[in-house]
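*Asks:* Questions regarding the structure given below will be posed in turn.
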Amino acid sequence: MTAPAQQHPAAGASAAAAPSAASDVVHSLRKRLLLLLFAAIAIFATVQGVGAYRGALQLADAMFDYHLQQVAHAMPRGMDPRALPGVGADDLEDDLLVQIWGPDGVQLFRSPRSALPQSGVLGFSDVKVLDTAYRVYTVQTAMQTVQIAQDMSARNARARAIAARAVLPVVLMAPLLMLVVWWVVSRSLAPVERARRQVAGRAADDLSPLEVAGLPDEVRPLVQELNGLFARVASAFEAQQQFVANAAHELRSPLAALKLHAQALRANGIREASGASATDAASGNNPPDDAGTAASTITNPDTPAREIAVTRLNQGIDRAIHLVEQLLALARAEDTAQQPVGKAGTIDLQNVVRLAVGDVLPLAQARGIDLGLAPGAATAELKVRGDAEALRMMLRNLLDNAVKYSPCPGQVDVDLQEDAQGAAVLAVEDSGPGIRPDERELVFDRFYRSPEAAAHATGSGLGLSIVRAIALRHGASLNLTSGTRLHGLRAEVRFSPA
Numbered sequence: 006m007t008a009p010a011q012q013h014p015a016a017g018a019s020a021a022a023a024p025s026a027a028s029d030v031v032h033s034l035r036k037r038l039l040l041l042l043f044a045a046i047a048i049f050a051t052v053q054g055v056g057a058y059r060g061a062l063q064l065a066d067a068m069f070d071y072h073l074q075q076v077a078h079a080m081p082r083g084m085d086p087r088a089l090p091g092v093g094a095d096d097l098e099d100d101l102l103v104q105i106w107g108p109d110g111v112q113l114f115r116s117p118r119s120a121l122p123q124s125g126v127l128g129f130s131d132v133k134v135l136d137t138a139y140r141v142y143t144v145q146t147a148m149q150t151v152q153i154a155q156d157m158s159a160r161n162a163r164a165r166a167i168a169a170r171a172v173l174p175v176v177l178m179a180p181l182l183m184l185v186v187w188w189v190v191s192r193s194l195a196p197v198e199r200a201r202r203q204v205a206g207r208a209a210d211d212l213s214p215l216e217v218a219g220l221p222d223e224v225r226p227l228v229q230e231l232n233g234l235f236a237r238v239a240s241a242f243e244a245q246q247q248f249v250a251n252a253a254h255e256l257r258s259p260l261a262a263l264k265l266h267a268q269a270l271r272a273n274g275i276r277e278a279s280g281a282s283a284t285d286a287a288s289g290n291n292p293p294d295d296a297g298t299a300a301s302t303i304t305n306p307d308t309p310a311r312e313i314a315v316t317r318l319n320q321g322i323d324r325a326i327h328l329v330e331q332l333l334a335l336a337r338a339e340d341t342a343q344q345p346v347g348k349a350g351t352i353d354l355q356n357v358v359r360l361a362v363g364d365v366l367p368l369a370q371a372r373g374i375d376l377g378l379a380p381g382a383a384t385a386e387l388k389v390r391g392d393a394e395a396l397r398m399m400l401r402n403l404l405d406n407a408v409k410y411s412p413c414p415g416q417v418d419v420d421l422q423e424d425a426q427g428a429a430v431l432a433v434e435d436s437g438p439g440i441r442p443d444e445r446e447l448v449f450d451r452f453y454r455s456p457e458a459a460a461h462a463t464g465s466g467l468g469l470s471i472v473r474a475i476a477l478r479h480g481a482s483l484n485l486t487s488g489t490r491l492h493g494l495r496a497e498v499r500f501s502p503a
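Quick note on numbering: the sequence shown equals residues 6 to 503 in the working numbering.
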């Protein structure tokens with residue numbers, strides 16, 4: 006059962022804020038992933054491109070040197086190099102210069118644009134002629150000396166073209182890889198986006214669980230925890246609605262009784278006023294006005310019927326006040342039940358017992374109940390960490406129930422011990438009828454009262470609910486058992502070791 010939306014403004018606000026928060030999380034997660042992956046791809050592509058470019062330049066340089074060697078070694082004596090297989094006229098016209106000398110130093114062949122001096126260095130060398138740099142390879146045989154030169158500007162241009170062709174696949178693959186990454190990230194986060202749409206599209210009072218099918222393993226625990234939170238909130242709303250309904254029902258009864266008692270008093274006053282008017286009329290006196298009638302009604306001695314009505318009216322007022330006080334106490338106890346005492350101060354349970362017994366002692370004396378400490382109860386200080394006023398309220402409710410349901414004369418004992426583990430144990434035992442084992446868990450429900458308890462004494466059914474809420478806040482356990490000494494009910498609160 007879900008609560009109406011108008012009764013849960015906090016839920017509405019949470020549900021309204023949830024889509025925005027979820028959207029921000031999803032978008033920031035997608036943006037973070039894409040930025041990191043795109044940056045990684047860009048860095049990798051840059052490093053790969055630079056490496057490929059420099060490698061291609063070195064490879065082209067080595068390839069051009071090898072080409073010069075092949076042309077020089079393959080050239081027969083005095084042969085025109087353009088006639089060599091693999092050497093085109095464009096090569097010689099564009100960037101290759103050839104010079105051949107005989108063994109006597111006579112030049113046998115020279116390219117038309119060649120103006121290189123005869124080099125005395127065999128192998129590779131760099132020569133600059135008329136502001137033009139050349140890469141020169143010189144080889145000497147028994148028949149001739151061959152000198153092959155290549156214009157460095159043309160050589161570098163070709164090397165850069167080769168390197169650019171080597172880098173081109175990397176340049177083209179980087180954006181394609183980014184596109185693939187974007188698609189993969191979007192598909193991977195699609196279940197998260199679906200969950201976001203589920204939250205954004207639901208009503209403020211819709212606390213049904215979100216779908217977890219298809220969610221990635223990293224996100225599924227988060228959605229499962231959200232479902233658990235929704236279930237707890239729904240349970241809290243349902244309990245709150247039930248609490249309000251029960252409180253309204255419980256308040257209706259004493260208020261209706263108060264109204265009946267007030268009507269009875271009014272009817273009694275009217276009858277007395279009518280009787281007085283009839284007497285005055287018979288004696289010839291003037292009838293009093295309304296103020297005189299009211300004053301006469303108030304000052305006249307109370308009749309037995311009025312005395313009974315006033316007594317019942319006071320009792321009804323006391324019951325209503327007690328119920329309201331118990332409702333407020335339960336609301337405070339349950340509001341702080343989920344807030345452990347944690348850093349609260351250390352208190353002495355002996356002092357709490359003295360104060361609570363003093364609160365209930367007048368009621369016990371009026372009913373003829375012997376209220377005091379159990380034989381063998383600890384008299385030394387027993388320290389626990391907690392809220393002294395809350396523990397006093399807890400013990401006062403236990404004592405109030407024990408005194409109320411014990412026969413007259415009866416006995417109620419408070420026992421305070423320290424167990425072997427050093428934990429404080431606070432117990433209240435009475436000589437009353439006790440509680441049947443099958444009802445000992447039900448009595449903790451708000452407004453629950455067994456038929457035997459309802460027939461024995463009046464009450465609100467909230468006392469034990471308050472006791473359990475305060476015990477839970479202090480990390481203590483609460484158990485109801487049959488008393489072994491007074492043979493009534495024994496309520497035992499066991500605190501955690503200090």
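Even glycine gets a Cβ: it sits at the ideal position worked out from N, Cα and C.
Using C-beta distances below 8 Å, list every residue in its chain close to V31, excluding the 5 sequence neighbours before and after it, in chain order.
*Replies:* Per-residue confidence for V31 stands at a pLDDT of 48, beneath the threshold of 50, marking its modelled position as unreliable; the derived number appears in the next sentence. Closer than 8 Å at the Cβ level, and outside the excluded window around V31, lie L194, V197, E198, R201.
*Asks:* Could you check what DSSP says for E330 in three-state terms: helix, strand or coil?
*Replies:* For E330, the secondary structure class from DSSP, reduced to helix, strand or coil, is helix.
*Asks:* Could you check what DSSP says for A363 in three-state terms: helix, strand or coil?
*Replies:* As written in the sequence, residue 363 is Gly, which differs from the Ala given in the question. G363: helix per DSSP, three-state reduction.
*Asks:* Note down the Cα distance separating R324 from P412, rounded to an integer number of angstroms.
*Replies:* 21 Å
*Asks:* Closer than 8 Å is the cut-off here; do at least three beta carbon pairs connect the stretch 200 to 218 with the stretch 178 to 192?
*Replies:* no
*Asks:* Just to confirm the assignment, what range does the beta strand (DSSP E) spanning Y139 have?
*Replies:* 137 to 145
*Asks:* Under 8 Å, do L387 and Q355 count as touching if we go by C-beta distance?
*Replies:* yes
*Asks:* What is the DSSP secondary structure of S487, counted as helix, strand or coil?
*Replies:* strand
*Asks:* Using a 10 Å radius around the Cβ and a threshold of 16 neighbouring Cβ atoms, would you call A61 buried or exposed?
*Replies:* A61 comes out buried.
*Asks:* How long is the line joining the alpha carbons of A209 and A476, rounded to whole angstroms?
*Replies:* 33 Å
*Asks:* Can you tell me whether T51 is helix, strand or coil according to DSSP?
*Replies:* helix
*Asks:* Just list the residues that DSSP pairs G377 with in beta bridges.
*Replies:* D418
*Asks:* Between A65 and I167, which are expected to be in contact by the criterion C-beta below 8 Å, what is the C-beta distance as a whole number of angstroms?
*Replies:* 5 Å
*Asks:* Note down the Cα distance separating S240 from V448, rounded to an integer number of angstroms.
*Replies:* 19 Å
*Asks:* So, are the CB atoms of H72 and V144 less than 8 Å apart?
*Replies:* no
*Asks:* Determine the closest residue to R397 out of I105, A147, A267, V498, with distance taken between C-alpha atoms.
*Replies:* Across the set I105, A147, A267, V498, the C-alpha of V498 shows the shortest separation from the C-alpha of R397.
*Asks:* Hey, is the stretch 431 to 439 in contact with the stretch 480 to 492, meaning 3+ C-beta pairs nearer than 8 Å?
*Replies:* yes
*Asks:* With the cut-off set at 8 Å, would you say N232 and L260 are in Cβ contact?
*Replies:* no
*Asks:* Just to confirm my understanding: we take Y139, look at its own chain, exclude 5 residues before and 5 after, and list those with CB closer than 8 Å. What are they?
*Replies:* Cβ within range, chain order: L102, L121, D131, V132, K133, A154, Q155, D156, M157.
*Asks:* By the three-class DSSP mapping on this structure, what secondary structure does V430 have?
*Replies:* strand
*Asks:* So S158 is in the beta strand (DSSP E); what residue range does that whole segment cover?
*Replies:* From DSSP, S158 is part of no beta strand (DSSP E) but of the alpha helix (DSSP H) over 157 to 193.
*Asks:* In the structure shown, what three-state DSSP assignment does T316 receive?
*Replies:* helix
*Asks:* Check whether the Cβ atoms of V365 and V408 sit closer than 8 Å, and answer yes or no.
*Replies:* yes
*Asks:* I believe P3 touches Q149 by the beta-carbon criterion, under 8 Å. Please report the beta-carbon distance rounded to the nearest angstrom.
*Replies:* Lying outside 6 to 503, the shown extent of the chain, residue 3 is not represented and no answer is given.
*Asks:* Taking the alpha-carbon of Q74 as reference, which of L135, A267, F129 has the nearest alpha-carbon?
*Replies:* F129
*Asks:* In the DSSP assignment, find the alpha helix (DSSP H) that holds L212 and state where it starts and stops.
*Replies:* For L212, no alpha helix (DSSP H) segment is defined, and its DSSP state is neither H nor E.
*Asks:* According to DSSP, is F129 helix, strand or coil?
*Replies:* strand
*Asks:* Would you mind stating whether A379 and D420 have Cβ atoms separated by less than 8 Å?
*Replies:* yes
*Asks:* Would you say A361 and L400 are within 8 Å of each other, going by their C-beta atoms?
*Replies:* Contact annotation: A361 and L400 have beta-carbon atoms nearer than 8 Å.
*Asks:* For L220, which residues from the same chain have a beta carbon less than 8 Å from its beta carbon, with the 5 sequence-adjacent residues on both sides left out?
*Replies:* P196, V197, A200, V228
*Asks:* Where does Q74 sit, in a helix, a strand or coil, going by DSSP?
*Replies:* helix
*Asks:* Would S470 be called buried (16 or more neighbouring beta carbons within 10 Å of its own) or exposed?
*Replies:* buried
*Asks:* Alpha carbon to alpha carbon, how far is Q53 from F43?
*Replies:* 15 Å
*Asks:* Would you report the Cα separation of A57 and A171, rounded to the nearest angstrom?
*Replies:* The alpha-carbon atoms of A57 and A171 are separated by roughly 6 Å.
*Asks:* Return the bridge partner residues of F114 from the DSSP annotation.
*Replies:* According to DSSP, F114 bridges with I105.
*Asks:* Pick from A432, Q123, E446: whose alpha carbon is nearest that of A481?
*Replies:* When A432, Q123, E446 are compared, the shortest CA-CA separation from A481 is found for A432.
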